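Number 78 in numbering that gives the first Met the number 0 belongs to position 79 of the sequence shown; there are no gaps in the numbering.
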Amino acid sequence: MLTIGFVMDVTLAAILGVSFGSIVTLFTKDIGVLAIARTGVLFVSASQPLNAFAFIVDGLHYGVSDFPYAAYSMMLVGILSSVIATCYEMASKDAARNTVAAKVAELLMRGLVFYFFALLFPF
């Protein structure tokens, strides 16, 4: 399940990263909007495999009725990502960059929390 999800999401990220430049011009010709959209697509393409992994792990835990893990991990990740987002906001006023950095940090923390919970509480 994880291997299939990872392969599909890396493929989707590659397709999106390669084809986005031509697709986005169907919607706008404004250079400023195109620059922001290109920044966004890099974030989406890079974080897609991490995001899919998080959804797969969440689905596995809900499937085996491991609700305490889901509750604790979501609270821990929420608190840590809020602290990181606040630190980014204090360091820089670029809202788009702060949002992307906070989301990437949240996705990475979800993976790390899953890894450490799996070590501490094996199935």
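Yeah, the Cβ is synthetic: ideal placement off N, Cα and C, and Gly gets one too.
Remember, it's a predicted structure, so these values are computed and weren't measured experimentally.
Residue range of the alpha helix (DSSP H) that includes residue i
i, result
"T98", "94–119"
"L79", "66–90"
Nearest-angstrom Cα separation, counted from residue j out to residue i
i, j, result
"D93", "T2", "36 Å"
"L107", "R37", "22 Å"
"L25", "F115", "44 Å"
"G58", "L11", "20 Å"
"C86", "E105", "13 Å"
"K102", "R109", "11 Å"
"F19", "V40", "7 Å"
"G31", "A95", "13 Å"
"A69", "A117", "12 Å"
"V99", "G77", "15 Å"
"D29", "L119", "51 Å"
"M89", "I35", "22 Å"
Pick from the options that is closest to residue i, judged by C-alpha positions
i, options, result
"M74", "F113, I14, K28, G4", "F113"
"G125", "N97, I78, F54, S80", "The chain is shown only over 0 to 122; residue 125 falls outside these bounds and no answer can be derived."
"Q47", "V56, K28, A13", "A13"
Inter-residue CB distance, residue i and residue j (contact presumed, cutoff 8 Å)
i, j, result
"L33", "V23", "6 Å"
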